[in-house]
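*Asks:* Okay, handing you the structure first.
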Amino acid sequence: MYAIIETGGKQYNVAPGQTIDVGRLGAQAGETLVLERVLMVADGEKKLIGQPMVPGGKVTATVLGEVRGDKVIVFKYKPKVRYDKKTGHRQHYTRITINDISWEGAAPASAEASAPTRRRRTRAKASVPVVEMEQGEAGKVEGGADGA
0 MYAIIETGGK QYNVAPGQTI DVGRLGAQAG ETLVLERVLM VADGEKKLIG
50 QPMVPGGKVT ATVLGEVRGD KVIVFKYKPK VRYDKKTGHR QHYTRITIND
100 ISWEGAAPAS AEASAPTRRR RTRAKASVPV VEMEQGEAGK VEGGADGA
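Here it is as structure tokens:
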């Protein structure tokens, strides 16, 4: 069983027992979180894709604590003017462990049943007058090479 959740503007593929680092949530270590922005749930052969969220979808997680990411070095340099500047940055993350994935509702519907039906627009065709020609007139051209 796995789910795709959204938190902090990013999407994560999670499974029960998995530990992931997400953007800082401001929760204390040991707290239990319920993440309700579930985009997709899969259990064996069954897959339920939300439009955009799975109805009643919940992922329960426990906060392990806050961690900091790797240091990123920012180096600015301008040639010929003796200007350089070096700074560093470390992003803050919240480390969580996924406990449970659950959802409510019916089994996944087939793609044909859930797709909305579309009506096609048709335009009224303009009536074009039909010109009838007598047999034998089609090959004649006035002022042609045969002198007719």
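Position 6 (the sequence shown) corresponds to 5 in numbering that gives the first Met the number 0; numbering is contiguous. Beta carbons: idealized from backbone N, C-alpha and C, even for Gly. Predicted model, so just to flag it, every value in this text is computed and none were measured.
1) Tell me which residue opens and which closes the beta strand (DSSP E) that residue 66 is part of.
2) Using a Cβ distance threshold of 8 Å, determine whether the segment 71-86 contacts the segment 50-57, with at least three qualifying pairs required.
3) Give me the residue from 28, 29, 98, 34 with the minimum Cα distance to residue 9.
4) Using the Cα positions of residue 108 and residue 45, report the straight-line distance between them to the nearest angstrom.
5) Relative to the C-alpha of residue 43, which residue among 1, 74, 88 is closest?
6) In whole angstroms, what separates the C-alpha of residue 39 from that of residue 90?
*Replies:* Judging by the given coordinates:
1) On the sequence shown, residue 66 is found 67 positions in, with the first residue counted as 1. Element bounds for residue 66: 57-67.
2) Touching, no.
3) Here residue 9 corresponds to residue number 10 of the sequence shown, with the count starting at 1. The shortest C-alpha to C-alpha distance from residue 9 to any of 28, 29, 98, 34 is the one to 34.
4) On the sequence shown, position 109 is the one that residue 108 refers to. On the sequence shown, position 46 is the one that residue 45 refers to. Low per-residue confidence applies at residue 108: pLDDT is 36, beneath 50, and the placement is therefore not dependable enough to give any value.
5) Here the question's residue 43 lines up with position 44 in the sequence shown. It is 1 whose Cα lies nearest to the Cα of residue 43.
6) The sequence position of residue 39 within the sequence shown is 40, counting from 1. The sequence position of residue 90 within the sequence shown is 91, counting from 1. Spanning the alpha carbons of residue 39 and residue 90 requires a straight line of approximately 28 Å.
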